[in-house]
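Down below is the structure, laid out as structure tokens.
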Amino acid sequence: MHLLICGGTGCKASSSDAIAEKLKLELAANTLQDEVQVILTGCFGFCEKGPIVKVLPDNTFYIQVTPEDAAEIVKEHVVKGRKVERLLYVDPTKKTTIEDSKHMGFYRKQMRIALRNCGFINPENIDEYIAREGYQALGKVLTEYNPQQTIDIIKKSGLRGRGGGGFPTGLKWEIASKNPADQKYVVCNADEGDPGAFMDRSILEGDPHSVLEAMAICGYCIGASKGLIYIRAEYPLAIKRLKVAIDQAREYGLLGNNIFGTEFSFDIELRYGAGAFVCGEETALIHSMEGLRGESSNKPPYPAQSGYLGKPTNVNNVETFANVPPIILKGADWYFSIGTEKSKGTKVFALAGKINNVGLIEVPMGITLREVIFEIGGGIKNGKRFKAVQTGGPSGGCLTEKHLDTPIDFDNLVAAGSMMGSGGMIVMDEDDCMVSVAKFYLDFTVEESCGKCSPCRIGNKRLYELLDRITKGEGTMEDLERLRNLSQVIKDTSLCGLGQTSPNPVLSTLDNFYDEYVAHVVDKKCPSGQCKSLMKYIIDPEACVGCTACARNCPVNAISGERKKPHEINQSICIKCGACMDKCKFDAISIK
Amino acid sequence: MSHIKLELKPEQVAKIKEICKSFNNDPGELINVLHKTQETFGYLPAEVQEVVAVELNISVAKVYGVVTFYSFFTMIPKGKHPISICTGTACYVRGAEKVLDEFKRILNVKVGETTPDGKFSLNCLRCVGACGLAPVVLIGEKVYGRVSPDGVKNIIKEYEE
Amino acid sequence: METVKLTIDNKQVEVPKGTTIYKAARKLGIDIPVLCYMELHDLGVENKPAGCRICVVEVEGRRNLAPSCATECAEGMVVKTHTTRVINARRTVMELILSDHPKDCLTCPKSGRCDLQDMAVKLGIREIPGQEYAEMSTYKKDFSPSIIRDVDKCIMCRRCETMCNEVQTVGALSAVNRGFMAVVAPAFEQDLEKSPCTYCGQCVAVCPTGALTEVDHTTKAIRAIADPTKTVLVQTAPAVRAALGEEFGMKPGTLVTGKMVAALRQIGFDYVFDTDFAADLTIMEEGTELLDRLTRFLSGDKNVKLPILTSCCPGWVNFFEHNFTDMLEVPSSAKSPQQMFGAIAKSYFAEKLGKKREDLVVVSVMPCLAKKYECQRDEFKVDGNPDVDFSISTRELAHLIKEFNINFEELPDEDFDRPLGESTGAAVIFGATGGVIEAAVRTAYEVYTGKPLPKIDFTELRGMEGIRSATIDFNGLPMNIGIAHGLGNARKLLEDVRSGKANYHAIEVMACPGGCIGGGGQPLHHGNSAIIKARMEAIYREDAGKPIRKSHENPYIVKLYEEFLGKPMSEKAHHLLHTHYFSKKKDIYIK
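Heads up: the protein sequence lines correspond to chains Z, A and X, in order.
For what it's worth, the working numbering labels the leading residue of the first sequence as 1, then goes sequentially.
For what it's worth, the working numbering labels the leading residue of the second sequence as 1001, then goes sequentially.
For what it's worth, the working numbering labels the leading residue of the third sequence as 2001, then goes sequentially.
Written out as structure tokens, the structure is:
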């Protein structure tokens, strides 16, 4: 029997370490420590209900476990074979408990390729990875295929880059392989910077060897003996697990000289990011690895021609690499059979926002947004109405009700005015103001623009200012025209992917929520009641009994009135903090 | 003229030199060197950057250019308890801004500042990847999940001896 | 050579592979506007960050617009350079750039020769929508002795950064900050004075806006002229006469020596003298020092260091004071011509006039911004009174001439005053790279060998190559000579000397690419290196036309030694004409 405990960052923050310790203690107290193994794994994905404890082999899935529950799990489940009912997942619609993960809505529609080992193995133990076919793909490639044959498999599989652009991976490898050089580099882009996306981190924390193995395969294909992983310094756990994995792989001879007794040698080093979103762009990433400012540069030359230290360099992101070993082992046809016409395989999404089941999911391409949000995601939180889903992070757009049945793939999302990006998926409900959402993303881009090219450096700032005016009720209809023209020019003229996509949140909200913009501009109203400058707290004189509670709690003394007589709010002083409304026992205060 | 005497203790200079040396004084390792140096000193004051520049044989203007490019590097010493509010999208839609406002109000500092007693510094960061716990606040290495504005007072209290 | 064929604006063109769309279009006579892009082909300088995005064009089959300055032509490419989409994009981008640029054109020192202003006119920008509520990025203004940085006006073209780092390897400037606040600045956004800046002025020479300009000395010069108690002398550097005409619409390479003298008289200078006179004097002192060091070295004196380095370029002096502090005794101790002139003017000439030095004001006209700093150095003052009071650049002189409403083109040629206006051909070539050492060789050869030169022109010492070397036969003694122009080249050469890789007897270094003709105070070349070459030809033309072409044959120099100095390197000469150098390295290691 195995007890698997999620050791991802989210669950660790909710003391999953302590749970593991407690479980071990309880097992020892029952002298079961040799029969039952406690394993701290990578992320299970179902972060909403973490920390999670899963019992194998019966797949029992305990949610929101606390260290105090450890004793009961051991005493009841392990010793007596009785499930701890109160820790089981309850289906939110049917209100029935579900015992194992396979029958949970969250997992039912998922298909795990990149995340195949996350939540199943101890990421700090290479033997567990090997036990699940680990490093077999590398062995197979090195002993059975030449580099071009391997590239052909990847090409045939239809795998496209998971970092955002969706460039065909096999083709990218082929270009790098055909540029002769004395030294080439394989770079893994682990500078996951999309706010709200954490799939790369989960893979590195939960299954680091899959990335190492794929990088070695790529090195073999393009003729590189050196690999570099550029990872965010903000991911200490992933860094630690990668270091452990690299050491173990070296110890097992799976990295280093003459791997599998062949001529092929390959080793991997870590490079750290330092907090710059633009370094997700490959030329900026390479400059950063060279110790420079992470500014992007014009392409061509592409990294495959002249990359790290001027040498041919192949850059793929973590999730792309994680797909490679299964493709080699199961064949290109298998992978090609999953997904849509032009987007093959699966995609990992980080589901977040106003949704019941926040977490990390992997689904086949072609699944609809409706399935993801309402079946896997369990619908909108607190029974609110679905309004929009933002995909692709700051580079993507907001999709609406009308897009819910669109099959998700690279091209459909672009056609809808958004993009796949790295796979962030933020769900919004009726309370979210779409102008504010666009402003939020622009605030991000303004802060993260490298500043090299004028449209991105200045243009995004101006977009932000326009949006800010609109949310304050100072916008004009002419401003909406300007927003659109400016957005299009920034897309058309910016130097790199950051600026070329940064106006997407603006354009997609303009397209899909134009009425909401007009409401801000013409009626000076925020329909969702989010824009502080546009709302007013008002006391209903009919309902007000003059208890003075509101006046006493107002931090700026904006409320006046005699005791037992209706009170009034001085709008020029009011800072719209809402304290009065919270304190009113008679529901006399409302927002207008 | 421009003789600037900088107040670094000899052992501090030696430490920076040692860090640079551990990266073979390779200017390509500047970012790794700065990471290590910041780990040691807590921040990257001008004097430290001057020594790094000399040791890696690059101009101090370039070093400063790199330090100011990456948000991870800071020239302001952090507080004893560095507070980071996640303002990633998931946390944003779950009310991170209000949580941030509350920290600002209670500590009476702006983002990027440190309280006068040096106890707390306030910063924002983009997604720690714990979106399931949104909104998230980090104090030092400790993660606080599902923080509400009302809960801020109690969190700060934990660190006030 | 591999070529590619493409179509630009419906015209076919064939260009070598690797050519950019911008250059291919230029070949067809199609003018694509560029702003950040700068190329100085003969100097090996190229700045193409593809940052401003003004030069964007439409390429068939491409999703977005392509920067023509950085996009290479491909076979079969179809390019459109002026479609509605392109024009709208260019205008919008320009509006954006201007929305973050101060609008004080009326008082901006760059007004009238500002690339950004020209571009705004070209693109027909009449208003900047939303300017009222557009935040601007603002920074501290920086006044150094030579250069003013007003980087509110920086448009991030990165030209200065390229010059400062890649060409000059000075490393005073770098892009700093990120996003909207990104700007080019010294470390910690401190003033240039606290940086390793040499004041070479190459950043100013390429800045397309008023972000980098020179410190104005014309106001002070005019006040001195207007003061009846002062006798105001002016000296003009060799390179000025080969470039000044450009400011009046004359062809690059037009020599305007006579008109310049006439104009300076009209402005009201009491004496119009020539720095060339002091250049001849420099050769006497530096040449003698060279021969002295050489003979002592050849006789086995271990205390003598060779090579001797020229020291007439103040940018170069600043550079080695920052970067080669272990070699401070290697450069010649001779002052620069500007300072030698000042020292002689305020001693020898003051005596002749029967005036006190305080009553004399010496103004220099220089192709250089470092000269502004040099004349303020403490070593060049006597009781606080500087040998040279003010130094104005070629550009500033041109401005004065216009301000005085002088019709420059119509001026008659006039001659310099005597005695400090007489000079030889050897002096005028100081203005071009290789010139100082050629002038020194002309004199040193004759003094060393006692024989007249078989030929005066040492063409082997001339040219535009960054680092050059030649061996001159001094009657059986092979003299190894090295030449570098541009501080990056100087650094390379000096590092080879330091490591013992290079073996020279004498080295000439000029901080600016091309020498003083390409100086930071010259009319802006706007990235056209043909202009620098034309100036160089003019300098050698002036030399060839001079009746006397060797410094030691200048009769007024001979007289100066007879009447006043004694002989070269005499005690008096040492006191007045030689200097010493300081380390400017920051002391970061506390003992």
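Even for Gly, the Cβ is constructed at its ideal location relative to N, Cα and C.
The structure displayed is predicted, hence computed values, not measured ones.
Within-7 angstroms CB hit, residue i to chain X
| i | result |
| --- | --- |
| I1004 (chain A) | The pLDDT assigned to I1004 (chain A) is 44, lower than 50, so where the model puts this residue is not dependable, and the model offers no usable value. |
| V1033 (chain A) | no |
| I1016 (chain A) | no |
| V1060 (chain A) | yes |
| C453 (chain Z) | yes |
| R82 (chain Z) | no |
Closer than 6 angstroms: residue i CB and nearest the ligand HEM heavy atom
| i | result |
| --- | --- |
| M365 (chain Z) | Absent from the structure shown: the ligand HEM. Ligands present: none. |
Short Cβ contact (7 angstroms threshold) for residue i with residue j
| i | j | result |
| --- | --- | --- |
| L23 (chain Z) | L3 (chain Z) | yes |
| P51 (chain Z) | C6 (chain Z) | yes |
| D2383 (chain X) | V2362 (chain X) | no |
| K532 (chain Z) | K565 (chain Z) | no |
| I338 (chain Z) | Y308 (chain Z) | no |
| T2644 (chain X) | L2369 (chain X) | Any property of residue 2644 (chain X) remains undetermined from this structure, which presents chain X solely from 2001 to 2591. |
| V1051 (chain A) | V1013 (chain A) | yes |
| I217 (chain Z) | L138 (chain Z) | yes |
| A176 (chain Z) | I222 (chain Z) | yes |
| G2527 (chain X) | M2038 (chain X) | yes |
| V1109 (chain A) | L1122 (chain A) | yes |
| A2242 (chain X) | I2507 (chain X) | no |
Which residues DSSP lists as bridging residue i, in chain order
| i | result |
| --- | --- |
| S590 (chain Z) | Z:I538 |
| C1086 (chain A) | A:L1125 |
| Y185 (chain Z) | Z:K226, Z:T313 |
| Y62 (chain Z) | Z:V53, Z:L88 |
| L2212 (chain X) | X:R2149 |
| N2047 (chain X) | X:M2038 |
| A2511 (chain X) | Answer by DSSP bridge pairing: none, since A2511 (chain X) is not bridged. |
Chain A residues whose Cβ lies nearer than 7 angstroms to that of residue i
| i | result |
| --- | --- |
| F2188 (chain X) | A1046, Y1064 |
| S288 (chain Z) | I1031 |
Contact with chain A by residue i, beta-carbon distance below 7 angstroms
| i | result |
| --- | --- |
| L2212 (chain X) | no |
| R293 (chain Z) | yes |
| A579 (chain Z) | no |
| P195 (chain Z) | yes |
| Y272 (chain Z) | yes |
| T509 (chain Z) | no |
| E133 (chain Z) | no |
| I2590 (chain X) | Caution applies to I2590 (chain X), whose pLDDT of 44 falls short of 50 and renders its modelled position unreliable; the model cannot decide the point. |
Cross-chain neighbours of residue i in chain X, by beta carbon under 8 angstroms
| i | result |
| --- | --- |
| E465 (chain Z) | G2130, Y2133, A2134, E2135 |
Under 8 angstroms from the C-beta of residue i: neighbouring residues of chain Z
| i | result |
| --- | --- |
| N2088 (chain X) | N485, V489 |
Any chain Z beta carbon closer than 7 angstroms to residue i
| i | result |
| --- | --- |
| I2021 (chain X) | no |
| C2368 (chain X) | no |
| T2081 (chain X) | no |
| A1053 (chain A) | no |
| N2064 (chain X) | yes |
Per-residue contacts from residue i into chain A (C-beta, under 9 angstroms)
| i | result |
| --- | --- |
| R2178 (chain X) | T1068, F1069, Y1070, S1071 |
8 angstroms Cβ cut-off: residues of chain A touching residue i
| i | result |
| --- | --- |
| L2173 (chain X) | A1061 |
| K2381 (chain X) | What K2381 (chain X) touches in chain A: nothing, since even the nearest Cβ is about 14 angstroms away. |
Where residue i meets chain Z, residues with beta-carbon distance less than 7 angstroms
| i | result |
| --- | --- |
| E1029 (chain A) | G291 |
Practice prompt. Please confirm if the region 2071 to 2088 of chain X is in contact with the region 2016 to 2034 of chain X, defined as three or more CB-CB distances below 8 angstroms between the two stretches.
Written response: They touch, by the three-pair rule.
>> Check whether the region 344 to 357 of chain Z and the region 155 to 171 of chain Z are in contact - that is, three or more C-beta pairs closer than 8 angstroms.
In response: The region 344 to 357 of chain Z makes contact with the region 155 to 171 of chain Z: 3 or more CB pairs, one atom from each, lie closer than 8 angstroms.
Under 8 angstroms, with one C-beta from each stretch per pair, do the region 2503 to 2522 of chain X and the region 2430 to 2438 of chain X reach the 3-pair mark?
The region 2503 to 2522 of chain X is in contact with the region 2430 to 2438 of chain X.
Requested in this report: For the region 1120 to 1137 of chain A and the region 354 to 368 of chain Z, state whether three or more C-beta atom pairs, one from each stretch, are separated by less than 8 angstroms.
Outcome: The region 1120 to 1137 of chain A, when compared against the region 354 to 368 of chain Z, does touch it at the 8 angstroms Cβ threshold.
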